[in-house]
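Residue numbers (the numbering used here): 27 to 683.
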């Protein structure tokens, strides 16, 4: 019996002892909890199931107990509801019950709903306030928790108002063409880098600019490297020339790191313009913020300053990484958007991982076939990639299309020696082989010389010890060392689908830090808990220090003897002593979820050894692969790889656009 199993058993025995549930119900729930370990529900969900059963007086009712467990399981997988038709309820129950029990319980529960047996908990009247709602819409019948039912319907109403709104900013076709000619002219165009070549005038990006100028509401989707970031800056430049002031522009993202990146990207792109206008320079004032910060979250009252009765004072709002925004947050945000005043532009990647919380709002707004037809005239798909090489793009497209790439395994040593724009698959060889692979990865990327002209990561860290890095001047040796260190730090990352275990990022980080810490300092570094050269990632926003969840920095010690964590900012670095940092963890490896919005030269993507792991999906595989700019190594079994490609994330909802 597992530790989790024993904990649940002890909990149920305690409930029985204190008379909270009866003997028969205790045995039923005990059996269900044991069987439903596949659902991996948080223990709090079992407490809530207990409370609902007690509240309604259904302690002896097995069917509703099983359906509640299935509904919590669906929510944990990101669905907003549970379909009560054969293609929804029966498979959900069968995931943790045998077929005969699942079939009987499904029929029993549906009969109970039809006869009103569960009227103490479940209402079929959407205006009645009970914990659960059964809602019928055309040929669909769904079971919701009241919270998600309310938010889903409010989101539908708000979205319809956006679609119906008139575009108050009217720009003639001739004026739009004139603006486009200006921002794409040799003197005014954005460039790949300062002094570099102008960015390509892509037809899909130009169509997206026209849409943003002409429409009150725009949806723009594109994979990594399709130019979403530069397009965002181009749209802001065009809107400003069309009459929208900088102070009326709002940039937002679901995470602090993504919001900070929006700020940095605007500054970086504007600085590449050969001859920036006053309009362009004014955009340097625009700062990205998290959705919570934009709405001014109030912790004491657990609500927002901006909302339905107090709309955001903005003429244009651009939201990035929208695929990561869950239904509840999207509904709260749209309540604060005045359709009569504000132009809303959503950016994201429809194929990337959806939000951690319930809902797949962005993906469900993407027109495909008969789905989301009402968004057809508000949507642009960016199709041309400009970042990764052709072979890496082909791999991502193959996975995205649900096709199997050729499984031609190579050794890990050979994979590390690949040329640019290559990928390889290394089969799982067991615990000993995996540890050897991690050691080879650490040696290749942090201990060895990068190239004949370059220095190894280890050498750069040693040189930094002999400098004063407190306030590096522009073009100084200190600034150069920091740039080289961060180039090497961003050059490689191990991505895992899971946090824990030997294939999880905590286990991988433990091995890399143990080996690298001993090389760069001594085995005694573990007493401090950090060492010079350690990659760390902030795990909680700290607005006072402008450090955000997902920020990756490097711990360095210089001639002062003080260990400080350095973080890159546009053309500069910020740093803080370790004891002043918000919570952090090592970042030589991170989860695929945490890597969204980032890119690395070389990526090692680690698949779980269990080919039936619930996180093995096409979306997570695609997201991991598209983090790589030059080389991609996939480590895992053929079964795990194929299981991921065959499994799509399907989230049930009533968002029938």
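Beta carbons are placed, not taken as given, at the ideal position from N, Cα and C, and that holds for glycine.
Kindly indicate which residue of the options has the alpha-carbon position closest to the one of residue i.
{"i": "residue 189", "options": "496, 401, 134, 257", "result": "401"}
{"i": "residue 105", "options": "360, 613, 175", "result": "175"}
{"i": "residue 306", "options": "280, 262, 337", "result": "262"}
{"i": "residue 600", "options": "617, 570, 627, 613", "result": "570"}
{"i": "residue 683", "options": "391, 140, 354, 299", "result": "391"}
{"i": "residue 653", "options": "249, 275, 68, 614", "result": "249"}
{"i": "residue 246", "options": "159, 344, 191, 223", "result": "344"}
{"i": "residue 595", "options": "292, 132, 91, 181", "result": "292"}
{"i": "residue 135", "options": "93, 223, 123, 472", "result": "93"}
{"i": "residue 115", "options": "102, 101, 132, 381", "result": "132"}
{"i": "residue 685", "options": "368, 528, 100", "result": "Beyond the ends of the chain as shown, which are 27 and 683, falls residue 685; an answer cannot be given."}
{"i": "residue 500", "options": "297, 597, 487, 608", "result": "597"}
{"i": "residue 426", "options": "649, 107, 187", "result": "649"}
Could you round the C-beta distance between residue i and residue j to whole angstroms and report it? I think they count as a contact, below 8 angstroms.
{"i": "residue 264", "j": "residue 239", "result": "6 angstroms"}
{"i": "residue 408", "j": "residue 622", "result": "The pair is not a contact, with the Cβ atoms about 17 angstroms apart (cut-off 8 angstroms)."}
{"i": "residue 209", "j": "residue 260", "result": "6 angstroms"}
{"i": "residue 244", "j": "residue 193", "result": "Actually they are not in contact, since the Cβ atoms of residue 244 and residue 193 sit about 10 angstroms apart, beyond 8 angstroms."}
{"i": "residue 521", "j": "residue 618", "result": "5 angstroms"}
{"i": "residue 449", "j": "residue 658", "result": "4 angstroms"}
{"i": "residue 494", "j": "residue 586", "result": "7 angstroms"}
{"i": "residue 161", "j": "residue 170", "result": "6 angstroms"}
{"i": "residue 393", "j": "residue 412", "result": "The Cβ separation is near 24 angstroms, so there is no contact."}
{"i": "residue 591", "j": "residue 562", "result": "6 angstroms"}
{"i": "residue 546", "j": "residue 555", "result": "Not really, about 14 angstroms apart at Cβ, beyond 8 angstroms."}
{"i": "residue 364", "j": "residue 337", "result": "4 angstroms"}
{"i": "residue 584", "j": "residue 491", "result": "6 angstroms"}
{"i": "residue 9", "j": "residue 354", "result": "The chain is shown from 27 up to 683; residue 9 falls before or after that span and cannot be answered."}
{"i": "residue 178", "j": "residue 517", "result": "The Cβ separation is near 43 angstroms, so there is no contact."}
Please classify residue i: does DSSP put it in a helix, a strand, or coil?
{"i": "residue 678", "result": "coil"}
{"i": "residue 643", "result": "coil"}
{"i": "residue 518", "result": "strand"}
{"i": "residue 570", "result": "coil"}
{"i": "residue 666", "result": "helix"}
{"i": "residue 407", "result": "strand"}
{"i": "residue 26", "result": "Residue numbering for the chain in the displayed model covers 27 to 683; residue 26 lies beyond these limits and cannot be assessed."}
{"i": "residue 313", "result": "coil"}
{"i": "residue 672", "result": "helix"}
{"i": "residue 626", "result": "strand"}
{"i": "residue 61", "result": "Only weak support exists for where residue 61 lies, its pLDDT of 48 falling under 50; the coordinates are left without a value."}
{"i": "residue 263", "result": "helix"}
{"i": "residue 610", "result": "strand"}
{"i": "residue 601", "result": "strand"}
{"i": "residue 320", "result": "helix"}
{"i": "residue 84", "result": "coil"}
{"i": "residue 383", "result": "coil"}
{"i": "residue 197", "result": "coil"}
{"i": "residue 595", "result": "strand"}
{"i": "residue 590", "result": "strand"}
{"i": "residue 255", "result": "helix"}
{"i": "residue 372", "result": "strand"}
{"i": "residue 653", "result": "coil"}
{"i": "residue 398", "result": "coil"}
{"i": "residue 683", "result": "coil"}
{"i": "residue 579", "result": "strand"}
{"i": "residue 621", "result": "helix"}
{"i": "residue 278", "result": "strand"}
{"i": "residue 343", "result": "strand"}
{"i": "residue 349", "result": "helix"}
{"i": "residue 248", "result": "strand"}
{"i": "residue 75", "result": "helix"}
{"i": "residue 90", "result": "helix"}
{"i": "residue 659", "result": "strand"}
Any beta carbon of chain C sitting closer than 9 angstroms to that of residue i?
{"i": "residue 168", "result": "Of the protein chains in the structure, only one exists, and it is not chain C."}
Does any heavy atom of the ligand ADP sit closer than 8 angstroms to the C-beta of residue i?
{"i": "residue 187", "result": "In the structure on display, the ligand ADP does not appear, and there are no ligands present to speak of."}
Item checked: Complete beta strand (DSSP E) runs within the region 488-559 (minimum length 3 residues, chain order) -> List check, beta strand (DSSP E) in window: 518-522.
Margin query: Does the structure place the region 282-293 close enough to the region 308-327 that three or more beta carbon pairs sit under 8 angstroms?
Written below: yes
Checklist line | Length-filtered (4 minimum) alpha helix (DSSP H) runs lying within the region 118-178 | finding: 125-141
Notebook entry, point to check: Below 8 angstroms, can you find three or more Cβ-Cβ pairs linking the region 526-542 to the region 607-615?
Noted result: A contact exists between the region 526-542 and the region 607-615.
Next item on the list: Check whether the region 81-92 touches the region 139-155, taking contact to mean three or more Cβ pairs, one atom from each stretch, closer than 8 angstroms.
Entry: yes
Check: Can at least three beta-carbon pairs, one atom from the region 436-443 and one from the region 495-512, be found at a separation below 8 angstroms?
Finding: The region 436-443 makes no contact with the region 495-512: fewer than 3 CB pairs, one atom from each, lie closer than 8 angstroms.
Notebook entry, point to check: Okay, do the region 193-202 and the region 371-388 touch, 3+ Cβ pairs below 8 angstroms being the bar?
Noted result: no
Notebook entry, point to check: What are the start and end residues of each continuous alpha helix (DSSP H) run of 4 or more residues lying completely inside the region 199-245, in chain order?
Noted result: Within the region 199-245, the complete alpha helix (DSSP H) runs of at least 4 residues are 199-209, 229-240.
Check: Which whole runs of the beta strand (DSSP E) in the region 413-492 are 3 residues long or more, in chain order?
Finding: 448-452
Margin query: For the region 632-639 against the region 421-436, do three or more pairs of beta-carbon atoms, one drawn from each stretch, fall closer than 8 angstroms, so that the two count as touching?
Written below: no
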